[in-house]
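Colleague: FYI, the numbering for the sequence shown is 1 to 307, going by UniProt numbering. Here it is, the structure in full.
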Amino acid sequence: MKGKKILVTGGTGQVARPVAQALAADNEVWCIGRFGTPGVERELADAGITTWHWDMADTSDHAFKGLPEDFTHVLHSAVDRGEDGDFNRAAEVNTVATGRLMTHCRTAESFLYVSTGALYARRTLDHAYTEDDPVDGSADWLPAYPMAKLATEGVVRAFARVLGLPATIARLNIAYGPGSYGGVPMLYFKQMLAGAPIAVPLQGQNWCSLLHTEDLVAHVPHLWQAASVPSTVVNWGGDEAVGVTDLLRHIEALTGVEARLVPSEVTRETYQFDPTLRRSLTGPCRVDWRDGIERTLRALHPQHVTA
1 MKGKKILVTG
11 GTGQVARPVA
21 QALAADNEVW
31 CIGRFGTPGV
41 ERELADAGIT
51 TWHWDMADTS
61 DHAFKGLPED
71 FTHVLHSAVD
81 RGEDGDFNRA
91 AEVNTVATGR
101 LMTHCRTAES
111 FLYVSTGALY
121 ARRTLDHAYT
131 EDDPVDGSAD
141 WLPAYPMAKL
151 ATEGVVRAFA
161 RVLGLPATIA
171 RLNIAYGPGS
181 YGGVPMLYFK
191 QMLAGAPIAV
201 PLQGQNWCSL
211 LHTEDLVAHV
221 PHLWQAASVP
231 STVVNWGGDE
241 AVGVTDLLRH
251 IEALTGVEAR
261 LVPSEVTRET
271 YQFDPTLRRS
281 LTGPCRVDWR
291 DGIERTLRAL
301 HPQHVTA
């Protein structure tokens with residue numbers, strides 16, 4: 001992409017920041033958010049990105065006063081995860097903020113909303129979920145989060161039709177890579193370093209579709225191109241099915257650090273995606289998950305890589 005004017009929310013996070021930085025080379029990129037991490041706003045500015053302060057919880061009519069309206073593309077990755085357990089607040093913040101954002105950017109060519117695969121109704125651990133699988137917005141490990149995402153998907157669908165704004169709803173799997181904190185695999189590794197137990201299913205293992213940063217960045221222009229009215233819904237993950245226990249064993253082999261696996265009825269559930277639709281939109285992924293995990297460890301924890 002070249003010569004576009006792009007708005008990114010959640011631009012300090014694992015998903016949106018590498019996208020913003022990559023696109024800034026040939027486009028005008030704006031990141032809006034609270035920028036609570038010291039120094040992050042300066043780092044974005046040094047990458048050629050314009051920053052603008054916005055709080056998703058700001059319900060005033062002036063929340064976007066002074067922000068340009070002529071963006072051609074929007075990547076909406078910011079989220080209130082509802083970690084305080086307040087379902088009503090999580091729904092209010094996420095849905096209202098998204099509706100106002102879409103209204104402000106109603107003339108854009110494309111709006112990309114980053115949702116989650118955690119909203120699917122749980123089936124078997126190794127089920128490959130398609131976009132047509134039932135959803136229930138339920139997750140024991142963070143109850144308000146998938147509910148808020150599902151509610152916001154409804155807002156995106158509605159405003160896309162009302163405003164005539166082409167939209168893609170991309171249900172993200174597990175994104176990881178050398179940027180930021182590294183994603184869920186590196187959170188697991190920190191648990192391993194601390195000797196903390198990691199909950200796994202009583203039988204079998206959880207499965208996921210890991211998505212490396214390089215592939216994620218490459219997919220975004222294609223997901224914008226796929227936007228439509230009514231909204232396009234696509235599962236956004238990697239091509240390969242990855243068992244979480246297999247992932248942990250791979251990290252063990254690379255680092256020599258033991259993973260203390262504890263069978264439990266409640267785990268951080270993950271979901272394997274059927275990549276058929278996403279591959280038709282973006283083409284195949286290029287980063288093998290084993291290589292991607294090793295590269296991420298070498299970037300973030302080089303002192304622990306022994307293999």
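By construction, the Cβ of each residue, glycine as well, lies at the ideal position given by its N, Cα and C atoms.
For D70, I'd like the list of residues in its chain whose CB is within less than 8 Å of its CB, leaving aside the five on either flank, ordered along the chain.
Modeller: On the sequence shown, position 70 is the one that residue 70 refers to. Closer than 8 Å at the Cβ level, and outside the excluded window around D70, lie K5, T107.
Colleague: Could you tell me if R278 is buried or exposed, where buried requires 16 or more neighbouring beta carbons within 10 angstroms of its beta carbon?
Modeller: Reading the sequence shown from its first residue, position 278 is the one you call residue 278. Under this definition R278 is a buried residue.
Colleague: Going by DSSP in three states, H53 sits in which element: helix, strand or coil?
Modeller: In the sequence shown, the residue the question calls residue 53 occupies position 53. Correct three-state label for H53: strand.
Colleague: So G13 and S77 are in contact, right, with Cβ under 8 Å, and what is the actual spacing, rounded?
Modeller: Position 13 of the sequence shown, counting from 1, holds the residue named residue 13. Position 77 of the sequence shown, counting from 1, holds the residue named residue 77. The pair is a contact, with the Cβ atoms about 6 Å apart (cut-off 8 Å).
Colleague: Label K149 either buried or exposed according to how many other C-beta atoms from any shown protein chain fall within 10 Å of its C-beta, with 16 as the threshold for buried.
Modeller: Along the sequence shown, one-based indexing puts residue 149 at 149. When all chains shown are included, K149 counts as buried.
Colleague: Short of 7 Å in beta carbon distance, which residues of its chain neighbour A24, apart from the five on each side in sequence? Order them along the chain.
Modeller: Translated into the one-based positions of the sequence shown, residue 24 becomes position 24. If we look at A24 and ignore the five residues flanking it on each side, its Cβ neighbours are A47, G48, I49.
Colleague: Would you call the segment 214-229 and the segment 184-204 in contact, with 3 or more CB pairs under 8 Å?
Modeller: Not touching, per the Cβ criterion.
Colleague: Excluding five sequence neighbours on each side, which residues of the same chain lie with their C-beta closer than 7 Å to the C-beta of V184?
Modeller: Along the sequence shown, read from residue 1 onward, the residue named residue 184 stands at position 184. I174, Y176.
Colleague: Decide if N206 is buried, meaning its Cβ has at least 16 other Cβ atoms within 10 Å, or exposed.
Modeller: For this step, residue 206 is matched to residue 206 along the sequence shown. So N206 ends up on the buried side.
Colleague: Compute the distance between the beta-carbons of M147 and A91, then report whether it is under 8 Å.
Modeller: For this step, residue 147 is matched to residue 147 along the sequence shown. For this step, residue 91 is matched to residue 91 along the sequence shown. It is a contact, given that the beta carbons lie within the stated cut-off.
Colleague: So, do the segment 110-124 and the segment 153-172 have three or more beta carbon pairs nearer to each other than 8 Å?
Modeller: Flag = yes, the segment 110-124 and the segment 153-172 touch.
Colleague: Tell me the DSSP secondary structure of N88 in three-state form.
Modeller: Within the sequence shown, numbered from 1, the residue matching residue 88 stands at position 88. Helix.
Colleague: Is F35 closer than 8 Å to T51 when the C-beta atoms are compared?
Modeller: Position 51 of the sequence shown, counting from 1, holds the residue named residue 51. Position 35 of the sequence shown, counting from 1, holds the residue named residue 35. Result yes, Cβ atoms of T51 and F35 sit closer than 8 Å.
Colleague: Could you check which residue in E269, E28, V74 has the C-alpha nearest to that of A199?
Modeller: Working through the sequence shown from its first residue, we reach residue 199 at position 199. The option with the nearest alpha carbon to A199 is E269.
Colleague: Between V262, R286, L248, which has its C-alpha nearest G238's C-alpha?
Modeller: Reading the sequence shown from its first residue, position 238 is the one you call residue 238. G238 has its Cα closest to that of R286, out of V262, R286, L248.
Colleague: Look up W235 in the DSSP assignment and say whether it is helix, strand or coil.
Modeller: Here residue 235 refers to the residue found at position 235 when the sequence shown is read from its first residue. Residue identity check: residue 235 is Asn in the sequence provided, not Trp. N235: strand per DSSP, three-state reduction.
Colleague: Have a look at A299, V8, Q21, D61 and flag the residue whose alpha-carbon is nearest the alpha-carbon of residue 314.
Modeller: Residue 314 is absent from the structure shown; the chain starts at 1 and stops at 307.
Colleague: Give me the DSSP bridge partner(s) of P263.
Modeller: The residue you call residue 263 lines up with position 263 of the sequence shown. DSSP, once it has assigned bridges, lists V200 as partnering P263.
Colleague: Out of Q225, F87, E41, V29, which one is the CA nearest neighbour of A170?
Modeller: Along the sequence shown, read from residue 1 onward, the residue named residue 170 stands at position 170. The shortest C-alpha separation from A170 is found at Q225.
Colleague: I'd like to confirm the pairing. Which residues does DSSP put opposite C208 in its beta bridges?
Modeller: Locating residue 208 in the sequence shown gives position 208, where the first residue counts as 1. Its beta-bridge partners are V242.
Colleague: Going by alpha carbons, who is nearest to W141 out of A118, V257, P134, Y188?
Modeller: The sequence position of residue 141 within the sequence shown is 141, counting from 1. Checked all of A118, V257, P134, Y188; the closest Cα to W141 is A118.
Colleague: Short check: CB of A121 to CB of S231, under 8 Å?
Modeller: Residue 121 sits at position 121 when you count from the first residue of the sequence shown. Residue 231 sits at position 231 when you count from the first residue of the sequence shown. No, these two residues do not count as a Cβ contact at 8 Å.
Colleague: So what's K190 in DSSP terms, helix, strand or just coil?
Modeller: Looking up residue 190 in the sequence shown gives position 190. K190: helix per DSSP, three-state reduction.
Colleague: Could you check if H250 is buried or exposed, using at least 16 other CB atoms within 10 Å of its CB as the buried criterion?
Modeller: As a first step, residue 250 is located in the sequence shown; it is residue number 250 there, counting from the start. Under this definition H250 is a buried residue.
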